[in-house]
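A.B. asks: The structure follows.
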Amino acid sequence: MQAHCEDETVSIVQESQIDKAANVDNEVEQGNDQKEGQSTPVENDDRIVSKLDRVLVNYIWCREWPDVQTEFGNCGISDHSPMVIRWSNYERCKGYSFKFLNHLTLGTEFIEIVKQNWLKGRDGCAMYRIMRNLENIKAGLKELNHRKFRDIDAKEIQAREKLDSIQEMLQTDPMNVHLLKLEKEAKEEHAKLYQVAAMFLKQKAKQNWICEGDMNTKFFHQTIRLRRYRNRILRIQESNGSVYTVQKQIVQAFESYYKSLFADENRIWCLNDNEEEEYLP
């Protein structure tokens with residue numbers, strides 16, 4: 001019966017298109033301080049702990065209030081924790097990190113860009129050359145994406161509207177050779193743009209079942225927005241106890257941590273030309 005209720009709850013949540021709100025602080029609450037099947041408390045790793053309280057939000061909430069976060073307090077003598085919803089001072093980043101887009105491989109220029117940029121870096125150790133070659137390829141692919149695939153959604157809509165217009169004219173003159181030629185060209189153009197747009201949305205939404213059906217643009221845009229909402233970091237605490245909620249401070253805290261991590265002399269290593277591990281003193 002319990003498993004059936006859990007399945008129903010999950011099904012309702014999925015059908016309603018709601019998701020867990022971004023939260024900080026406590027993630028796990030102790031359920032009953034005892035091991036399953038026992039009536040006395042236990043003090044070892046066998047005790048039961050679970051997440052009892054959640055704040056669920058829908059797509060409209062994420063769109064209208066993207067900076068909201070939930071704080072969970074201590075449960076005290078209760079099984080449940082108090083939940084406080086706060087508006088954070090989250091600042092959107094101006095730029096985005098580079099992500100390889102699968103639709104770039106559809107262009108005839110892709111292989112040539114990779115070949116040309118991979119052969120540029122020849123100086124330094126093997127690891128440094130790989131890093132420089134990847135940087136060169138990234139710059140070339142960003143330029144290709146900006147030049148050929150920018151605003152792909154708008155281009156796909158324009159191509160579809162153009163095809164619709166031509167087909168409407170064919171309704172009144174179905175034997176027009178010129179219109180038939182234009183329709184063929186418009187179909188090919190729209191098919192290419194549709195494929196690119198579908199690959200782009202599939203990769204961003206990470207929904208495997210898109211391969212089995214038509215693309216639902218509204219759904220995938222909502223899914224992308226929900227993923228971004230979940231993946232945001234609204235608060236971070238350093239080892240010295242300092243807590244940051246401003247986005248610039250959070251970025252600086254991450255940078256500072258990894259700079260100190262990679263600057264540790266006991267951790268730094270590279271590959272020399274003989275592909276052997278060389279630890280720096």
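If you count the sequence shown from 1, position 45 lands on 45 in UniProt numbering, and the numbers rise without skipping. Glycine is no exception: its CB is placed at the ideal position from the N, C-alpha and C atoms.
(1) Using three-state DSSP, classify E161 as helix, strand or coil.
(2) My parser needs the alpha helix (DSSP H) runs of 4 or more residues fully inside the region 83–159; what are they?
(3) Judging by CA-CA distance, which residue of C125, C75 and D164 is the nearest neighbour of E189?
(4) State buried or exposed for H103, treating a residue as buried only when at least 16 other CB atoms are found within 10 Å of its CB.
(5) Are the beta-carbon atoms of E71 and V57 separated by less than 8 angstroms?
(6) Going straight from the alpha carbon of W87 to that of L261, what length do you get?
(7) Note the first and the last residue of the continuous beta strand (DSSP E) segment covering I18.
(8) With 16 as the cutoff for other CB atoms within 10 Å, does L119 come out buried or exposed?
(9) In angstroms with no decimal places, state the Cα-to-Cα distance between R150 and N136.
(10) My understanding is that A186 touches K148, with C-beta atoms under 8 angstroms, so please give their C-beta distance in whole angstroms.
(11) Of the choices A159, K181 and F200, whose alpha-carbon is the least far from that of A191?
(12) Apart from the five residues on each side of it in sequence, which residues of its chain come closer than 7 angstroms, Cβ to Cβ, to Y194?
(13) Where does N193 fall in DSSP's three states?
(14) Starting from V68 and walking both ways along the beta strand (DSSP E), at which residues does that stretch end?
(15) Mapping DSSP to helix, strand and coil, what is L56?
(16) Which of the three DSSP states, helix, strand or coil, is assigned to C75?
(17) Per DSSP, which one or two residues make a beta bridge with V243?
(18) Pull up the distance between the alpha-carbon of Q64 and that of Q14, whole angstroms please.
(19) Measuring alpha carbon to alpha carbon, tell me which residue in H80, K202 and G107 is nearest E143.
(20) Kindly indicate which three-state DSSP category S260 falls into: helix, strand or coil?
(21) Look up S11 in the DSSP assignment and say whether it is helix, strand or coil.
C.D. replies: Considering the structure as presented:
(1) Secondary structure at E161: helix, using DSSP grouped into helix, strand and coil.
(2) DSSP runs (the alpha helix (DSSP H)) wholly in the region 83–159: 110–118 and 126–148.
(3) Residue D164 is the option with its Cα nearest to E189.
(4) Counting the other Cβ atoms within 10 Å of the Cβ of H103 gives 16 or more, which makes it buried.
(5) In this structure, V57 does not lie closer than 8 angstroms to E71 by Cβ.
(6) Rounded to whole angstroms, the separation of the alpha carbons of L261 and W87 is 32 angstroms.
(7) If you look at I18, you'll find it in the beta strand (DSSP E) that goes I18 to K20.
(8) Burial call: exposed.
(9) Rounded to the nearest angstrom, the two C-alpha atoms are 20 angstroms apart.
(10) That belief does not hold up - the Cβ atoms of A186 and K148 are roughly 19 angstroms apart, past 8 angstroms.
(11) Distance from the Cα of A191 is smallest, within the candidate group A159, K181 and F200, for A159.
(12) Taken in chain order, the residues that qualify are E156.
(13) Inspection of the sequence shows that residue 193 is occupied by Leu rather than by Asn. L193 falls in the helix class under three-state DSSP.
(14) Per DSSP, the continuous beta strand (DSSP E) segment holding V68 begins and ends at V68 to F72.
(15) L56 sits in a strand when the DSSP states are folded into three classes.
(16) In this structure, C75 counts as coil in the three-state DSSP scheme.
(17) Beta-bridge pairing links V243 to Q237.
(18) Just to set this straight, residue 64 is Glu in the shown sequence, not Gln. Rounded to whole angstroms, E64 to Q14 spans 20 angstroms at the Cα level.
(19) Nearest neighbour of E143 by Cα position, chosen from H80, K202 and G107, turns out to be G107.
(20) In the three-state DSSP reduction, S260 falls in the helix class (H, G or I).
(21) In the structure shown, S11 sits in a helix (DSSP, three-state: H, G or I).
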